[in-house]
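With my numbering, the residue at position 2 of the sequence shown is 3, and numbering never jumps.
First the structure, in the form of structure tokens, and then the observations on it.
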Amino acid sequence: MNVPRGRQPVLVGVSRSTAAPWAVRWAADEAAARGLPLLIVHAQEWPSAISPETAPGSAGHLWASHFRATGQALVDTARAEALQLHPDLEVSVGVAEGRPTEVLQRLSADASQVVVGTRLLGDVEAAFVRSRGAGLLGQVACPVALVPKPEEPQPEHGGTVVVGVDGSAASEAAVAYAYEEAALTGARLTAVEVRRPHDAARPAVQEEARLDLAEALAGWNDKYPHVEAEPQVLTGHPAHVLVRAAEHARCLVVGSHGRSGWHDALLGSTTRSLLHHAHGPLVVVPPQYTGRP
């Protein structure tokens with residue numbers, strides 16, 4: 002696989018899903034905005050009955066050749082789509098053997114961001130279906146963007162970046178990403194801290210939330226003075242409130258809680274809910290992220 006060296010590429014995984022072209026679009030826009038190369042990868046998980054090492058003339062050779070060709074066609078099509086959007090973009094493609102999550106996790110060590118397509122789920126379905134991209138969250142050291150097929154046209158530039166803030170180290174990293182995303186795309190920034198309904202009636206809690214937001218944004222306002230930032234303290238269930246706040250946004254940015262074998266615990270109930278219900282791109286940022294150099 003021809004992997005870009007030097008500058009860390011934006012890595013996008015492609016498949017036959019309807020969300021894949023939108024993931025490629027997001028990844029291409031990110032790579033162009035950040036001055037980075039784009040790496041497009043399709044991971045092929047071979048059936049147990051067919052070996053990747055099938056010899057010419059053997060029973061499975063024709064099927065294996067077709068399987069490989071199909072994967073190559075996916076990345077070639079994605080490359081053409083990316084270059085149609087950004088003709089000067091440096092784009093590499095590759096087909097890798099293995100489970101998609103494992104392949105992307107391995108390649109993420111040299112990536113600046115990982116992008117995958119996802120799909121929206123209903124409340125009942127979401128309880129039983131795990132997003133493929135969710136397997137990457139908390140397990141890689143770079144931001145992960147999960148991009149659904151949009152329900153309505155999304156702004157290529159401008160619009161609003163919404164970031165969830167809760168005072169944790171994870172949300173500090175999310176704020177760093179959100180500010181640079183807003184600065185690079187000419188978007189506004191909305192920083193949201195959500196308080197539970199039972200806290201809403203207590204003035205001291207509301208004041209604490211406002212102070213948390215002011216502290217979280219202070220240094221970044223100085224670094225990106227041209228980014229129009231609006232702090233909001235809202236009340237309700239955090240996931241539901243953030244989904245509504247980001248309904249027409251360019252993206253929603255939240256933090257993960259770190260690297261751990263306890264996957265559900267590290268994500269938290271809010272992030273797990275957002276995986277299935279966010280209307281647009283959801284970017285989950287690990288706590289070690291400090292922003293672009």
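Glycine residues also receive a C-beta, built at the ideal position from the N, C-alpha and C atoms.
- Straight-line measurement puts the Cα of L214 at about 7 Å from the Cα of V166.
- According to the DSSP assignment, H43 belongs to the beta strand (DSSP E) that extends over L39 to Q45.
- CA-CA distance, R17 to Q9, rounds to 26 Å.
- If you draw a 10 Å sphere on the C-beta of A142, you find fewer than 16 other C-beta atoms in it, and that means exposed.
- When the five nearest sequence neighbours on each side are left out, the beta carbons in the same chain lying within less than 7 Å of the beta carbon of S274 are those of A240, in order along the chain.
- Taking C-beta separations shorter than 8 Å and ignoring five residues to either side along the sequence, the partners of L235 in its chain run V193, E194, V195, R196, V242 and A246, following chain order.
- Under the 10 Å beta carbon count, E152 is surrounded by fewer than 16 other beta carbons and is classified as exposed.
- Beta bridge pairing from DSSP links T119 with P149.
- Between P38 and E82, the C-beta spacing is not below 8 Å.
- Residue state for P232 is assigned as strand, using DSSP reduced to three classes.
- Between the C-alpha atoms of E209 and H238 there is a straight-line separation of about 18 Å.
- For V176, the enclosing alpha helix (DSSP H) begins and ends at A170 to T186.
- It is roughly 30 Å from the alpha-carbon of H87 to the alpha-carbon of N222.
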